[in-house]
Amino acid sequence: MENEFNHMVSSLTLIGAFLATKEEKELMKNQTGLDWSPKEDGTHLLNAWKLAGDILGAGENLDLRQRETLDAIRAEASAKQMHHAVWGFDEIEALKKTKTPCLILCSEDDVMYPFLNKAKACRSDAIVEIIQGKNLEPDLDAKNI
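As structure tokens, this is what we get:
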């Protein structure tokens, strides 16, 4: 199925490519994941605030941190579904199968940065650029993107 629509894709851009092995995903699954599901005492709100500011990188950018916090809270249920899908998908094989031109962007302080060499190995023909912005590159380094 992953190649069913190849004729419709003219290029591929990855920002913070997550190409982890099953073992690496298992480690990451255990290390990540502040729980921001609703709690009666409201601690989920602080967890989402910490996620947006400290982990994803909004930091002192109050508007961005507010937006990302609200997005995380709204997406609490779908985020679990998304993470479940990511843990079960083989991104390495999927990227190897792509044939379209590929641009890979990543920040050195992005949690995905340790996987950048795998992305390069899968697609040695890709253009690879180091940008800024932790996990929020499109917001924090839009000028360079």
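In terms of the numbering used here, the sequence shown has 1256 at position 81, counting the first letter as 1, and numbering is strictly consecutive.
Ideal placement from N, C-alpha and C gives every residue a C-beta, glycine not left out.
Please read these numbers as outputs of a predicted model, since none were measured by experiment.
Alpha-carbon to alpha-carbon, residue j and residue i
| i | j | result |
| --- | --- | --- |
| residue 1210 | residue 1252 | 11 angstroms |
| residue 1319 | residue 1215 | 42 angstroms |
| residue 1324 | residue 1259 | For the chain, the structure presents residues 1176 to 1320; residue 1324 sits outside this window and is missing. |
| residue 1241 | residue 1308 | 16 angstroms |
| residue 1204 | residue 1188 | 25 angstroms |
| residue 1243 | residue 1254 | 13 angstroms |
| residue 1296 | residue 1213 | 41 angstroms |
| residue 1280 | residue 1292 | 12 angstroms |
| residue 1263 | residue 1256 | 11 angstroms |
| residue 1224 | residue 1261 | 23 angstroms |
| residue 1202 | residue 1229 | 20 angstroms |
Whether residue i touches residue j by CB criterion (8 angstroms)
| i | j | result |
| --- | --- | --- |
| residue 1290 | residue 1227 | no |
| residue 1310 | residue 1231 | yes |
| residue 1190 | residue 1313 | yes |
Candidates the options, of which the one nearest residue i by Cα
| i | options | result |
| --- | --- | --- |
| residue 1283 | 1265, 1269, 1268, 1303 | 1303 |
| residue 1267 | 1180, 1184, 1197, 1183 | 1197 |
| residue 1273 | 1230, 1294, 1213, 1245 | 1294 |
| residue 1193 | 1183, 1250, 1224, 1285 | 1285 |
| residue 1265 | 1185, 1186, 1288, 1200 | 1200 |
| residue 1316 | 1270, 1236, 1269 | 1236 |
| residue 1300 | 1229, 1186, 1287, 1288 | 1186 |
| residue 1245 | 1257, 1270, 1261, 1219 | 1219 |
| residue 1181 | 1278, 1269, 1288 | 1269 |
| residue 1271 | 1249, 1298, 1278, 1287 | 1298 |
Strand pairing of residue i, partner residues [DSSP]
| i | result |
| --- | --- |
| residue 1282 | 1306 |
| residue 1188 | 1278 |
Where the alpha helix (DSSP H) containing residue i begins and where it ends
| i | result |
| --- | --- |
| residue 1298 | Counting along the chain, residue 1298 falls outside any alpha helix (DSSP H), and DSSP gives it neither H nor E. |
| residue 1224 | 1218 to 1225 |
| residue 1313 | 1312 to 1315 |
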